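> The structure under discussion is supplied below as structure tokens; questions concerning it will follow.
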Amino acid sequence: MKLRQLSLFLENRPGQLKLPCQVLGQAGIDILSLSLADTQQFGILRLIVKDEDRARRALEQAGCVVKVTEVLALEVADRAGGLAEVLEAFERSGLSVEYIYPLSAGHRGKTAVLAFRVEDPDRAVKLLAENGVRVLSREEAFAAMGA
Amino acid sequence: MKIQDDRRFHPASAPDYVPVLQLRNLQLERLRRIVRRAFDRVELFRRRMEERGLVPEDLRNLEDLAKLPFSGKSDLRDTYPFGLFASPMEEVVRLHASSGTTGKPTVVAYTESDLKVWTEVMVRSLAACGLHRGDVVQNAYGYGLFTGGLGAHYGAEALGATVIPISGGNTERQIMVMQDFGVTAICCTPSYFLHLVERGRELGANFSRLRAGIFGAEPWSEAMRRRIEADAGVKAYDIYGLSEIVGPGVGIECFAQSGLHIFEDHFYPEVVDPATGEVLPDGAEGELVLTTLSKDAMPMIRYRTRDVTALIPEPCPCGRSVRRIRRISRRSDDMFIIRGVNVFPSQVETALLAVEGTLPHYQIVLTRQRGLDEVEVRVEVTPEVFSDEVRALEVLKRKLEQSLEHTLGIRALVTLVGPRTLQRSEGKAKRVLDERQI
Chain Z
1 MKLRQLSLFL ENRPGQLKLP CQVLGQAGID ILSLSLADTQ QFGILRLIVK DEDRARRALE
61 QAGCVVKVTE VLALEVADRA GGLAEVLEAF ERSGLSVEYI YPLSAGHRGK TAVLAFRVED
121 PDRAVKLLAE NGVRVLSREE AFAAMGA
Chain W
148 MKIQDDRRFH PASAPDYVPV LQLRNLQLER LRRIVRRAFD RVELFRRRME ERGLVPEDLR
208 NLEDLAKLPF SGKSDLRDTY PFGLFASPME EVVRLHASSG TTGKPTVVAY TESDLKVWTE
268 VMVRSLAACG LHRGDVVQNA YGYGLFTGGL GAHYGAEALG ATVIPISGGN TERQIMVMQD
328 FGVTAICCTP SYFLHLVERG RELGANFSRL RAGIFGAEPW SEAMRRRIEA DAGVKAYDIY
388 GLSEIVGPGV GIECFAQSGL HIFEDHFYPE VVDPATGEVL PDGAEGELVL TTLSKDAMPM
448 IRYRTRDVTA LIPEPCPCGR SVRRIRRISR RSDDMFIIRG VNVFPSQVET ALLAVEGTLP
508 HYQIVLTRQR GLDEVEVRVE VTPEVFSDEV RALEVLKRKL EQSLEHTLGI RALVTLVGPR
568 TLQRSEGKAK RVLDERQI
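Sequence order for the protein chains is Z and W.
Residue numbers for the first sequence follow the numbering used here, so the first one is 1 and each next one is one higher.
Residue numbers for the second sequence follow the numbering used here, so the first one is 148 and each next one is one higher.
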């Protein structure tokens, strides 16, 4: 039900983003989706890849600090108000969202798939189900990203 | 006219000109007395001498001093707070303290007679810079446990000058006072003075009456002196001191500005090889070692200052017979001085350890921005502390900054850096990167 995302610490200076991308490239690992959070001082790169364990090892060998965190993949109707409806379910469940980023758009013609980071993913899956929102399985999420 | 002023003789300065032979006799007499006192009253000194089979009577001439064991900052720490006192508390009238290596300060004590000596050497210091009755002295050294403030205060007062005890900080008020009160001399750290001058210029202030600055408590260079003198139109004098010996007033430049005279009738200087401890001949560079010749409450025998300098063999054009040391070029350990506060890398380690549980790789970077010294601590992010959330990393950064401020007593900026980005060197890590242009 959950996706394992790799988070990397980046310093905020030129060339920092290239290194992990290069490492994954050399290891033949495709980046399916990513998001980059930045502050004045540093950044956090979040990556979705298919082979998380191998990617993690390659990155750590190259000297990166990597943390594995779980995110939820949710399908959102690709129309005005689609995201608001899903967020309403979060609100009803009393869940707060740390961050969101897109995994794919135009999936099955009419939906987008987004990654949601919440504090307690297991509890969130249950609560969301009770409020009528289904969390995609790992395979479904990968399929949506064309992998 | 200024040179004339600088040469004006103050009666308190008489000991500066005592014939050398007479000075050496006085030193030997005082040395024997103080070693006897330390041996009789301070357990640590007695034990160290006994370990070498020495008694005070073994001091037959000044050269015999080289047989005595050294003392150092760690001795003050190990005997914290009062273990090196040679006077009962009934006779101790003042305590000062400076930052130590483990968060505990090092404490120093003064009897009434010690304070008199301190005031005397400060009068001689200020007189050597050409100050006298009628001068208006702005004392911008910090007042408090730090010796700078009170040391300069009582010296300037005893000289007969008008003292403004403004202490450190509040730059705009300093500038107002300097202008409105017709200040002719200022005591502060050189970096703070440059900051004052820069800010004063922005405010359109006029410091035309200011003619001398007595600058110390941090290292500064000839280039910085030239800049201060050109920018502010003052003569900039280097003053030397350390709380373990007395505070400011151990030595000072005269109008020749060519080395610092050590008031060696009270503080006996030696220069030693920092590695072997061997006494070096005059002119050779090494670590300055000082012995207090008249300090009753806390005599220090062969105290290793960690300051690197050399004794200047040639006589000074000013005619003083007390010897000079070259300006302090660097320290023989990792300690650095920032805004007048002593900081050791080990303190930074303590602060980082307190937050993270394990010691991350770190580097201390000293910079000077707009004339003010800043400390930046670069800390490598480890998998243990790394979080996926920006907020958590910002909290970590803030916690590290709070811990550093708590331990060091000064504000430090923390920058989180990537793993393995800080320079590693063979053997001793380059912990301190001094990028100050001094």
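Built from N, CA and C at the ideal position, the CB exists for glycine as well.
Quick caveat, the model's predicted, so the values are computed rather than measured.
Measuring only the C-alpha atoms, how far is Thr-248/W from Lys-544/W?
For Thr-248/W, the pLDDT reaches just 48, beneath the cut-off of 50, and the residue's location in the model is therefore unreliable, leaving the point undetermined.
> By Cβ distance, which residues of its chain are closer than 6 Å to Pro-146/W, with the 5 residues on each side in sequence left out?
This structure cannot settle anything about residue 146/W, because the visible part of chain W is limited to 148 through 585.
> Could you tell me whether any Cβ in chain W is nearer than 8 Å to the Cβ of Gln-41/Z?
Chain W contact via Cβ: present.
> In chain order, what residues of the stretch 422 to 456 of chain W put their CB closer than 7 Å to some CB of chain Z?
Cβ contacts with chain Z: none found.
> Closer than 8 Å, Cβ to any Cβ of chain Z: which residues of the stretch 520 to 535 of chain W, in chain order?
If the cut-off is 8 Å between Cβ atoms, the stretch 520 to 535 of chain W has Val-528, Thr-529, Pro-530, Phe-533, Ser-534 and Asp-535 near chain Z.
> Express the C-alpha separation of Pro-492/W and Ile-511/W in angstroms, rounding to a whole number.
Going from the Cα of Ile-511/W to the Cα of Pro-492/W covers about 8 Å.
> Just the Cα atoms here: how many angstroms apart are Tyr-509/W and Leu-580/W?
The alpha-carbon atoms of Tyr-509/W and Leu-580/W are separated by roughly 11 Å.
> Name, please, each residue of chain Z whose Cβ falls closer than 7 Å to the Cβ of Val-537/W.
Within chain Z, the residues near Val-537/W are Ala-37, Thr-39 and Ile-44.
> In this structure, does DSSP put Leu-83/Z in helix, strand or coil?
Three-state result, Leu-83/Z: helix.
> Excluding the 5 residues flanking Ala-105/Z on each side, which residues of the same chain have their C-beta closer than 6 Å to its C-beta?
For Ala-105/Z, where only same-chain residues beyond five positions count, the Cβ hits under 6 Å are Ala-112.
> For a contact meaning CB atoms closer than 7 Å, what does Leu-563/W contact in chain Z?
Per Cβ cutoff of 7 Å: Gln-41 and Phe-42.
> Give a yes or no on whether the C-beta atoms belonging to Arg-453/W and His-408/W are separated by under 8 Å.
No; because the gap between Cβ atoms is not below 8 Å, this pair is not in contact.
> Can you tell me whether Gln-340/W is helix, strand or coil according to DSSP?
Here the sequence assigns Phe to residue 340/W, which means Gln is not the residue at that position. DSSP places Phe-340/W in helix when its eight states are reduced to three.
> May I ask which residues mark the beginning and end of the alpha helix (DSSP H) holding Leu-306/W?
Its alpha helix (DSSP H) spans residues 294 to 306.
> Taking Arg-567/W as the query, report the chain Z residues whose CB atoms sit under 7 Å from its CB, ordered along the chain.
Here the neighbours are Gly-63.
> Would a C-beta distance cut-off of 8 Å place Gly-360/W and Ile-333/W closer than the cut-off?
Yes, Cβ-Cβ distance for Gly-360/W and Ile-333/W is below 8 Å.
> Taking only beta-carbon atoms, is Phe-116/Z less than 8 Å away from chain W?
False, the Cβ-Cβ gap to chain W never drops below 8 Å.
> Have a look at Val-189/W and Arg-180/W and give me their C-alpha separation to the nearest angstrom.
Distance between the alpha carbons of Val-189/W and Arg-180/W is about 14 Å.
> When you compare the CB of Leu-297/W with every CB in chain Z, is at least one pair closer than 8 Å?
Not an interface residue.
> Given that a residue counts as buried once 16 or more other Cβ atoms are within 10 Å of its Cβ, and exposed if not, what is His-300/W?
So His-300/W counts as buried.
> So what does Gln-40/Z bridge to, in DSSP terms?
None; Gln-40/Z has no bridge partner.
> Would a C-beta distance cut-off of 8 Å place Arg-117/Z and Val-65/Z closer than the cut-off?
In this structure, Val-65/Z does not lie closer than 8 Å to Arg-117/Z by Cβ.
> Please tell me whether Leu-103/Z and Ala-115/Z are closer than 8 Å, where the distance is taken between their beta carbons.
In this structure, Ala-115/Z lies closer than 8 Å to Leu-103/Z by Cβ.
> Check each candidate in Thr-309/W, Leu-343/W, Ala-305/W and Leu-389/W and name the one with the smallest Cα separation from Glu-319/W.
Closest option to Glu-319/W, Cα to Cα, is Leu-343/W.
> Using a Cβ cut-off of 9 Å, pull out every chain W residue sitting near Glu-98/Z, in sequence order please.
Within 9 Å Cβ-Cβ: Asp-535, Glu-536 and Arg-538.
> What residues match up with His-243/W in a beta bridge as DSSP calls it?
Its beta-bridge partners are Val-255/W.
> When DSSP labels each residue in this structure, what does Leu-547/W get in the three-state scheme?
Correct three-state label for Leu-547/W: helix.
> Under three-state DSSP, which class holds Gln-16/Z?
Coil at Gln-16/Z, not helix or strand.
> From the beta carbon of Thr-111/Z, is the nearest beta carbon of chain W less than 8 Å away?
With 8 Å as the cut-off, Thr-111/Z does not count as an interface residue toward chain W.
> Given 8 Å as the limit, is there contact between the stretch 271 to 279 of chain W and the stretch 158 to 175 of chain W, that is, 3 or more CB pairs closer than that?
As far as the Cβ criterion goes, the stretch 271 to 279 of chain W touches the stretch 158 to 175 of chain W, which means the pair count is three or higher.
> What did DSSP end up calling Leu-8/Z once you bin it into helix, strand or coil?
Strand, per DSSP.
> Report the three-state DSSP secondary structure of Ile-181/W (helix, strand or coil).
The answer is helix: DSSP assigns Ile-181/W an H, G or I state.
> I'd like to know whether the C-beta atoms of Thr-411/W and Val-469/W end up nearer to each other than 8 Å.
As written in the sequence, residue 411/W is Glu, which differs from the Thr given in the question. Contact: yes.
> At what residue ranges does the stretch 353 to 408 of chain W contain a whole run of the beta strand (DSSP E), taking only runs of 3 or more?
Taking only runs of at least 3 residues, the beta strand (DSSP E) segments lying wholly in the stretch 353 to 408 of chain W are 359 to 362, 382 to 389 and 394 to 400.
> What's the gap between the Cα of Ala-457/W and the Cα of Gly-398/W?
If I take the Cα positions, the gap works out to 13 Å.
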